[in-house]
Every structure is written in C-alpha cells, then in structure tokens.
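To start, the structure under review is shown below, and the notes come after it.
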Amino acid sequence: MASGESNPGWLIRPGRDADGPAIITLIWACWSRYPGIHMDVDREMPELHALATYYAGQGGTLWAAESDGRIVGMIAVRPSDSAAWEICRVYVDPSLHGSGLGHALLDQAERHAITAGAERLVLWSDTRFDRAHRFYEKRSYVRSGPVRVLDDISNSLEFGYAKPVNGVESLDIAAATSAETRLADILIACVEAGASVSFLPPLAPARAKAFWHRVAAEIGAGKRVLVAAWRDGVMVGTGMLDLATPENQPHRAEIKKVLVHPSVRRGGLGRQIMESLEQAAVKAGRTLSTLDTRAGDAGEALYRAQGWQAAGRIPGYTLSADGAAHDTLFFWKALRQGKARASRP
Ligand SMILES: CC(C)(COP(=O)(O)OP(=O)(O)OC[C@H]1O[C@@H](n2cnc3c(N)ncnc32)[C@H](O)[C@@H]1OP(=O)(O)O)[C@@H](O)C(=O)NCCC(=O)NCCS
Numbered sequence: 002m003a004s005g006e007s008n009p010g011w012l013i014r015p016g017r018d019a020d021g022p023a024i025i026t027l028i029w030a031c032w033s034r035y036p037g038i039h040m041d042v043d044r045e046m047p048e049l050h051a052l053a054t055y056y057a058g059q060g061g062t063l064w065a066a067e068s069d070g071r072i073v074g075m076i077a078v079r080p081s082d083s084a085a086w087e088i089c090r091v092y093v094d095p096s097l098h099g100s101g102l103g104h105a106l107l108d109q110a111e112r113h114a115i116t117a118g119a120e121r122l123v124l125w126s127d128t129r130f131d132r133a134h135r136f137y138e139k140r141s142y143v144r145s146g147p148v149r150v151l152d153d154i155s156n157s158l159e160f161g162y163a164k165p166v167n168g169v170e171s172l173d174i175a176a177a178t179s180a181e182t183r184l185a186d187i188l189i190a191c192v193e194a195g196a197s198v199s200f201l202p203p204l205a206p207a208r209a210k211a212f213w214h215r216v217a218a219e220i221g222a223g224k225r226v227l228v229a230a231w232r233d234g235v236m237v238g239t240g241m242l243d244l245a246t247p248e249n250q251p252h253r254a255e256i257k258k259v260l261v262h263p264s265v266r267r268g269g270l271g272r273q274i275m276e277s278l279e280q281a282a283v284k285a286g287r288t289l290s291t292l293d294t295r296a297g298d299a300g301e302a303l304y305r306a307q308g309w310q311a312a313g314r315i316p317g318y319t320l321s322a323d324g325a326a327h328d329t330l331f332f333w334k335a336l337r338q339g340k341a342r343a344s345r346p
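Residue numbering for the sequence shown follows our numbering, beginning at 2 and increasing consecutively.
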C-alpha cells in the first residue's frame, strides 16, 4: 500500500534510509534477547545505514512500522531466483511481540511479492530464533533445504523456510516436522466438520500434532509420502501415500488422509492432491493404488471423478460422533509408469 497501513497501535509505511539508526536499535533489541548474537554493523551489515536504497537496488522494498514516532517493526522483500521472492529482516520490538504487528508486516510483504508475480516465498531464520520459527510455521512456511552457515561473528546458522503461493508439494522429514502445527489445524478442522478419518471430535491439538509427528518419522524411514497444498500462501490441504505395504504387495501404495480445510472446498485442491499422490506412487514404482472412504462423503465423489474404481462396500464399518454406523467403500486404481490412469475392472 502506497501511503501506509495503520492500526490504532502502529502505522506501516515505506522504509527510508534515514531510518537507519532506529532500525539498528530495533534489530539489536531483538538480537540481544538471544545469547551469543553480536552486532557489528560497519563490518557485517553496512547496508543498514541506507537500507531502503539497498532493497530498491535489488528490485525489492522495505517497510517500517511506527508507533508514537518510534520505529517498532520492519520487514523487507526482494526477488530471488526464478519466481521466488525472499522475505527479509522481519523484526518487531519485543514490547509488541504477540500484538499482531508481525502478522501485519508479513501480510504487507507477502501481498507485495504476490502482486509482483511471486509464485514462491522463501526466507532464512537463525537457528536460535525459536520464536520466529513458530511464527513462520504458523504462516504456513515449511523448513526447506540445508542449514546455511554464515561464517559471521555470531557463528550464525540459518534454517531455510519456503512455501509456494499456490500448489501442492511433497514434504521431506524436516518440512513435515515444521508443518506439524499447521497440519494439526487442518486435521482438527476436518474432524470437527465430520470427516471420517480415524478420529472423532473433539480432537485435541496435542493428539493431532502427535499423529503428524509419527507421520514425519515414517517419512524419514521412507515408508510414507506426505504432500501439502497451499492456497494464497496458506497451507489448507494434505494427503499421504503409505508405501509400507507387505512384501507380497511391493507394487501397491495406499492413499490416506486426503484433507482439504472446510473453508476452501470445491476449489480443485482435492483433485490436485490426488494427482500429486498418484504421481508420487508412480515415481515410487507402484502400479496399483488403493484407498477407502465413507460411502456418500465428498471423498467418494472426488475419487469417482478421478477415475477410481469402487471394489466393494462394507456396511457399518465406521461410527460417527453421534454413534451412527456408516458404510465404507474400497477403491482401487491401476497406475502405469509415466502417468496415473484409470483401469476397467
Ligand atoms: C474429499 C475432499 C478432500 C475433497 O476436497 P476438495 O478440494 O473439495 O475437492 P475438489 O474441489 O478438488 O473436487 C474435485 C471433484 O471431486 C468431486 N467432489 C468433491 N467434493 C464434492 C462434493 N462435496 N459433492 C460432490 N462432488 C464433489 C467433484 O467432481 C469435484 O469436481 P468439481 O468441483 O469440478 O465438480 C474434502 O471434501 C475433504 O477434505 N473431506 C473431508 C476429509 C475426507 O473425507 N477425506 C477423504 C478420506 S479418505
């Protein structure tokens, strides 16, 4: 936004080179809360003396948040490789932690990048800034790539975080671990809305997180593929492929827990998740995929629309929260190397 975004407590406006001293004070206020972090602006961060010019020179933008004439927050964004943009220097004065200012700053930077054509958002965060990690994870970023070594006076190591703006991606164990909270939110919302996916409501966050934690371990063991779906930068869907089939079924993979947040259903995400899982099964060398779902649910319609064959129905296989019994349908689909395809029984 050109002039700035305001809230009763602060105003977010374009950053200026003249903000340098206030920006240095702000960054130090954040860094000094962590042991072992040192600051030598002239040797390691001379760009802080003219930060607006620095980001403008890279095609990026800097914003500052002001409150009572004091700079209490900042963020920058710049184009990175291909269609990715990098979120940089997210700092909020400790007195305003938990106030929502971090979200407002990140909203501003993400909106700017997406409007400029970003398809992917990336950032780096010091491995010691655990509070920041929880914030980025809440904002649907997942751990990405190796830890970066800065070789600076603070011996900084940085985690990479990334998310697509829209799309489905598979999560390795590091990404899955960082996504546990967000995935738990999706699972809880789906169970609350009546999904028949092993759990009954109310599903406590700790139990939901523990479920995804076990899934992360299975990804690490090569037994599972987990995908997540993002819409407008928010992780809103997931699905997984169980590769741990018995030794006489090395060609089969089972699709499980295909979940799309109730707020974004019928937007094509379920279809994208299924396509991605079928491709993952083919990539893993599997030629047959199976799944089961409660008869009459949206899942049944989705799988039929994707060319899956219903093999049979078991009456009263699951119960819902009110104790009612429901039939389950078993589905299968033959896959062929190169692409997934439907097959006639
Ligand atoms: C099943 C589920 C994943 C579908 O996600 P979604 O993002 O809404 O699905 P899509 O928008 O990609 O739908 C693709 C197609 O599936 C069919 N479909 C999906 N939901 C449907 C519904 N409620 N009624 C009828 N058809 C439906 C349609 O053919 C749709 O294509 P269309 O919208 O062009 O008509 C979602 O409803 C969900 O999370 N349900 C709860 C969890 C669950 O039961 N998962 C299955 C467990 S195995």
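The C-beta atom is built at its ideal place from N, Cα and C for all residues, glycine as well.
| said: Can you determine whether any heavy atom of ligand 1 sits closer than 7 Å to the C-beta of Ser197, and answer yes or no? | reply: yes
| query | How big is the Cα-Cα spacing for Arg272 and Leu204? | reply | 26 Å
| field | Cβ separation of Leu49 and Ile25, assumed to be a contact under 8 Å, to the nearest whole Å | value | 6 Å
| said: Are there any heavy atoms of ligand 1 lying less than 7 Å away from the beta-carbon of Ala299, as far as the coordinates show? | reply: yes
| Do you know whose CA, among Ala23, Leu336, Asn8, lies nearest Lys284's CA? | Leu336
| field | Exposed unless 16 or more other CB atoms sit within 10 angstroms - verdict on Lys139 | value | exposed
| message | Suppose contacts are defined by Cβ-Cβ distances below 8 Å. Is Val166 in contact with Arg121 by that definition? | response | yes
| message | I need the DSSP call for Arg272, collapsed to helix, strand or coil. | response | helix
| query | Can you list the alpha helix (DSSP H) stretches of 4 or more residues lying completely in the stretch 284-326, in chain order? | reply | 299-306
| request: Taking only heavy atoms of ligand 1 into account, decide whether any of them is closer than 7 Å to the Cβ of Arg267. | output: yes
| message | I need the straight-line Cα distance from Asp173 to Ser33, nearest angstrom please. | response | 33 Å
| Beta carbon of Ala282, beta carbon of Ser290: below 8 Å? | yes
| said: Quick check: is any heavy atom of ligand 1 less than 7 Å from the C-beta of Thr116? | reply: no
| request: Below 8 Å CB to CB, which residues in the same chain sit around Leu12 once its five sequence neighbours on both sides are set aside? | output: Gly5, Glu6, Ala66, Glu67, Ser68
| query | Would you call the stretch 244-252 and the stretch 186-203 in contact, with 3 or more CB pairs under 8 Å? | reply | no
| task | Return the first residue and the last residue of the alpha helix (DSSP H) that Thr178 is part of. | result | 174-179
| Contact between the stretch 212-219 and the stretch 174-184 (3+ Cβ pairs under 8 Å) | yes
| According to DSSP, what are the bridge partners of Asp243? | Arg225, Glu255
| request: Would you be able to state if there are at least three C-beta pairs under 8 Å between the stretch 110-126 and the stretch 152-167? | output: yes
| By the 10 Å Cβ neighbour count, where 16 or more other Cβ atoms means buried, how is Ala53 classified, buried or exposed? | buried
| query | Count the other CB atoms within 10 Å of the CB of Ile96; is the residue buried (16 or more) or exposed (fewer)? | reply | At residue 96 the sequence reads Ser, which differs from the Ile that was named. Exposed: under 16 other Cβ atoms inside 10 Å.
| Same chain, Cβ closer than 7 Å to Ala30, five either side skipped, listed in chain order | Asp94, Pro95
| query | What is the rounded straight-line gap between the Cα of Asp186 and the Cα of Pro206? | reply | 7 Å
| message | Which of the three DSSP states is assigned to Ala343 in this structure? | response | Reliability of the predicted coordinates at Ala343 is poor, the pLDDT of 49 falling under 50, and the value obtained from them is presented with this limitation in mind. Correct three-state label for Ala343: coil.
| Based on Cα-Cα distance, which residue from His134, Ser171, Tyr56 lies nearest to Tyr162? | His134
| request: Just mark Ala176 as buried or exposed, buried being the case when its beta carbon has 16 or more other beta carbons within 10 Å. | output: buried
| message | Applying the 10 Å Cβ sphere with the 16-neighbour rule, what's the burial state of Ile315? | response | exposed
| field | Cβ neighbours of Tyr35 in the same chain (closer than 6 Å, five flanking residues each side left out) | value | Arg129
| request: Step through the CB atoms of chain C and report whether any lies within less than 8 Å of the CB of Arg253. | output: In summary, chain C is missing from the structure at hand, where a single protein chain is found.
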